[in-house]
Amino acid sequence: MARVALKNVTVDYGTTVALKNISFETEDGEFLVILGPAGAGKTTTLKVAAGLVKPTRGRVFMDGEDVTDKPGNLRNVAMTFEDYALYPTFSVRQNLENPFGAMENPPTKEEQEAKVMEVAKMLQIDHLLDRRVDQMSGGQKQRVSLARSMVRQPQIFLFDEPLSHVDAKIRHAMRAELHRLASAMATTTIYVTHDYVEALSLGDRIIVIDKGEIRQIGTPHEIYHKPSCEFVANVVGQPNINIYPFLVKQENGNLMVELKDTPQCNFSPNGEAGSVLAKHVGGVVHIGFRPQDIRYSLTPINSHAFSTKIELYELWGRRGMVMALLGEHEMRVLTDTDTRIDIGSQIWLDLSKAPLYLFDESGNQLT
Amino acid sequence: MASVTLENVWKIYNHGQKNAVEAVRDVNLTVQDGEFIAFLGPSGCGKTSILRMIAGLEHISRGAIRIGDIVVNNLSPDQRNIAMAFETYALYPHMNVRENMSFCLRARNWETEKIDTRVNEVAQALHIEHLLEKRPSELPGGQQQLVSVARAMIRQPNVFLLDEPFSHSDASQRVIIRTEIKRLVNKTHTTTILVTHDQHEAVAMADRIMVMNFAEVQQVGTAADLFHKPANMFVAGFVGEPAINFIKCKYAKTSEQVSLVCSEMLGCFPISQEAAQAIEAAGVDEVMVGIRPQEFKVTTSDKGYIQGSVSFFEFLGEEGHLIVDSNEGQVTAVTDPYLDVKEGDSVGLIVERSEIFVFDPKTEKAICHGV
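Structure, rendered in structure tokens:
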């Protein structure tokens, strides 16, 4: 077990800057997820921690020791790769025994065999030990790749999109397995993914990264409920959050927000959001609504409700997704049931009860 | 616009030879005029072979395919008035998007003005106006796919065929594109067949879904039919996410009541006379009970049909997933994202009896939906 820290790390690949001044530190035994779109710099961050990429500027620490100049094989980290990086013509057993060869003081043959068996059992591949890797399915290869990173009991696990090649059904089971492994081994883990569901499910904390920069570090609840900017709000959640510009007004002593260019869509915000908005009377703020938070009705509800027509309806798993026009914007609303709703029919949306996500005009969280 | 009818359609590769492969076996289906139907199944199930037979790209080994009232078995693809968008785009690399889209209209000697109007109309609908002057090679895969769809939609075909049209787009882009296509199809009421392995796509877009596996049709129905009345264990397992819980049970009859007792878990389900009769008629002692994760409600351990302890709970934003260990088994329940449980808590799971499915474990066919 160990802590790893990156301090002000910048990585330049020639003219492109892959990472810009990244700093974070893991807790001991923590499961830290790095979440971001393709090309954000996730894998580069992992490679810096592994010692496969040397930072152009900045330092890397393990348990307080500066390891920036220490090669990867001396860092006692284990990394799995998105493309498995297994020896295709070797058996599973040979692949699993291979990492011992790179160790300075490898354990005895008996200890190696025992360790391989223990890990293979844990990942339920013990019946496949003598099979060649090129005769296995993607999901099985992924397990072998995980197993290989575990045999040498590293201080830190580094996982690069380990579930990206397994289909949805297996992915669900593999998430369950990773949960089990993580709590059984309590080894510090950095896990890279582009899938927000994996991030919310597995992470003790999540780092959201975009264009080589950290946008937010927080627990799954913080990332989902208190996004630092519109980018983060859009990264987690499906269907995507709805964000629109609103004018903040004070009318007869009441605080009101009004959709820009659509004055009939308005409501009085209250609670915590109300007191934040009160500081911005006369200005424009961006307000976000998660699709499942919007109260809706197919009959008139109350005077706050905004009446509009359903543009599109589709089944969304066991719920429905309604797309309705809010002025010139499209609003996505997630319904509670899979009862079909006719396109073209009228819907009443009450925005006043939804938790509000507030951003300024440049997209940063408003406080 | 036209209906599409498949009558006892077979596709046999290497027909009559030793290495013959039956890729499609005896498929019967009527796609109504203006209907949107999806062929859903894992790779290799035969869904694309059917699409290619409808398009005329593949010889029909046995049976007949009609478009409208006309048997098309011996018609060439261009005589069928169908339009197809391919997984692999199949765009002309030396033409820009506008030229790609208008190609078939120009080949039909449309007037330039009419062509421009139509190209702009479709491009606007699919939000690709800004790409019209670009070459395919300048676009990422997802956008090339969209251009391929746009090109297929440019003329008003009898039938519109889509072969995995979103496979190269990322998740959130896919949702946007499928919305646009759906909107365009809604407007024109063109009969549409979508081939996909992605159940979300099929459920979101299609009026009806044909589920296939191992070259055979497993079930044809609306999404609600597949969710609430799956014909067999394959359909029950393939459609729905997270996957349905299959629970091995023994049929137990005492003088007071009949029930299904879980073999590997702690729990049992009381059942009605009708369900008991159906199970007895099937002649099985052991059944497979299927319960969708969304149907479980969490309660205290003394009340549930199934008792167990919390293995872990996943907060996933819009919903929560609760994994419950019960004896040797494990079940998944979809819950409120803010469920207040921790590892090791004792819980019970209840479910509406109408949402308990019973399957014959040998034939894998449904015995009854609702107990």
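Order-wise, the sequence lines are chains A and B.
In short: position in the first sequence from 1, add 608, done, that's my numbering.
In short: position in the second sequence from 1, add 69, done, that's my numbering.
In this text, a Cβ means the ideal position worked out from N, Cα and C, and glycines have one as well.
Original post:
Can the beta-carbon of B/Asn142 be found closer than 8 Å to that of B/Ile151?
Top reply: no
Subject >> Straight-line gap, B/Pro146 to A/Leu942 (C-alpha atoms, nearest Å) >> reply: 41 Å
Original post:
Should A/Phe829 be flagged as near chain B, meaning a C-beta pair shorter than 8 Å?
Top reply: Here the sequence assigns His to residue 829 of chain A, which means Phe is not the residue at that position. So yes, A/His829 belongs to the interface.
**OP:** Measure the C-alpha to C-alpha separation of B/Pro226 and B/Val403 and round it to an integer number of angstroms.
**Re:** 42 Å
Subject >> Option nearest A/Met876 by Cα separation, candidates A/Pro963, A/Thr624 and A/Lys615 >> reply: At residue 876 of chain A the sequence reads Ser, which differs from the Met that was named. Minimum Cα distance to A/Ser876 is reached at A/Pro963.
Original post:
With 16 as the cutoff for other CB atoms within 10 Å, does B/Pro111 come out buried or exposed?
Top reply: exposed
Original post:
Out of A/Ser970, A/His833 and A/Asn910, which has the shortest C-alpha to C-alpha gap to A/Trp979?
Top reply: This structure does not reach residue 979 of chain A, given that chain A is present from 609 up to 975, and the question cannot be answered.
Original post:
Between the segment 394-407 of chain B and chain A, which residues of the former have a C-beta closer than 7 Å to a C-beta of the latter?
Top reply: none
Original post:
In the segment 924-943 of chain A, which residues sit with their C-beta less than 8 Å from some C-beta in chain B, listed in chain order?
Top reply: Trp924, Gly925, Arg926, Met929, Met931 and Leu942
Original post:
In whole angstroms, what is the alpha-carbon distance linking B/Glu202 and B/Val166?
Top reply: 6 Å
Original post:
In the segment 770-796 of chain A, which residues sit with their C-beta less than 9 Å from some C-beta in chain B, listed in chain order?
Top reply: Asp775, Ala776, Lys777, His780, Ala781, Arg783, Ala784, His787, Arg788 and Ser791
**OP:** Mind listing the chain A neighbours of B/Leu385? Cutoff is C-beta to C-beta under 7 Å, in chain order.
**Re:** Val805, Leu808 and Ser809
**OP:** Just the chain A side, please: which residues come within less than 9 Å of B/Asn255 by C-beta, in chain order?
**Re:** Leu920 and Ile951
**OP:** Select from A/Gln858, A/Asp946 and A/Lys749 the residue whose C-alpha is nearest the C-alpha of B/Ile272.
**Re:** It should be pointed out that residue 272 of chain B corresponds to Val in this sequence rather than to Ile. Checked all of A/Gln858, A/Asp946 and A/Lys749; the closest Cα to B/Val272 is A/Asp946.
Original post:
Which parts of the segment 846-924 of chain A are runs of the alpha helix (DSSP H), unbroken and 4 residues or longer, counting only runs that do not cross its ends?
Top reply: 879-885
Original post:
Out of A/Glu919, A/Arg940 and A/Asp901, which has the shortest C-alpha to C-alpha gap to B/Asn255?
Top reply: A/Glu919
Original post:
So what does B/Ser378 bridge to, in DSSP terms?
Top reply: B/Asp394 and B/Ser415
**OP:** Check each candidate in A/Leu867, A/Arg739, A/Phe632 and A/Asp901 and name the one with the smallest Cα separation from A/Val892.
**Re:** A/Leu867
Original post:
Just the Cα atoms here: how many angstroms apart are B/Phe428 and B/Gln346?
Top reply: 14 Å
Original post:
Thinking just about the alpha-carbon of each residue, which of B/Val393, B/Met279 and B/Pro205 is nearest to the one in B/Lys366?
Top reply: B/Val393
Original post:
In whole angstroms, what is the alpha-carbon distance linking B/Pro234 and B/Val218?
Top reply: 7 Å
Subject >> Short CB-CB distance (under 8 Å) between A/Pro847 and chain B >> reply: yes
**OP:** Please determine if the segment 261-275 of chain B and the segment 915-934 of chain A are in contact, where contact requires at least 3 C-beta pairs separated by less than 8 Å.
**Re:** yes
Subject >> Any chain C beta carbon closer than 8 Å to B/His269 >> reply: Although the question refers to chain C, the structure presented lacks it and instead comprises the protein chains A and B.
Subject >> Contact set for A/Ala693: own chain, Cβ-Cβ below 8 Å, skip 5 residues either direction >> reply: Ser753
Subject >> Interface partners of B/Thr248 on chain A, CB under 8 Å >> reply: Leu920, Glu922 and Met931
Original post:
How would you label B/Phe283, buried or exposed, when you count the other beta carbons within 10 angstroms and need 16 or more for buried?
Top reply: exposed
Original post:
Does any CB atom of chain A fall closer than 8 Å to the CB of B/Phe296?
Top reply: yes
Original post:
So, are the CB atoms of A/Leu737 and A/Ala658 less than 8 Å apart?
Top reply: no
Original post:
Quick one: Cα of B/Glu397 to Cα of B/Asn314, how far?
Top reply: 14 Å
Original post:
Does DSSP classify B/Lys317 as helix, strand or coil?
Top reply: strand
**OP:** With A/Glu938 as the anchor, note down where its beta strand (DSSP E) starts and where it stops.
**Re:** His937 to Leu942
Original post:
Cβ of B/Asp30 within 8 Å of Cβ of B/Leu160?
Top reply: Residue 30 of chain B lies beyond the residue range present for chain B, which begins at 70 and ends at 440; the question has no answer from this structure.
Original post:
Do the segment 927-941 of chain A and the segment 93-105 of chain B make contact, defined as three or more Cβ pairs closer than 8 Å?
Top reply: no
**OP:** Using the Cα positions of B/Lys80 and B/Met122, report the straight-line distance between them to the nearest angstrom.
**Re:** 8 Å
Subject >> is_contact[A/Tyr695, chain B] using C-beta, thresh 8 Å >> reply: no
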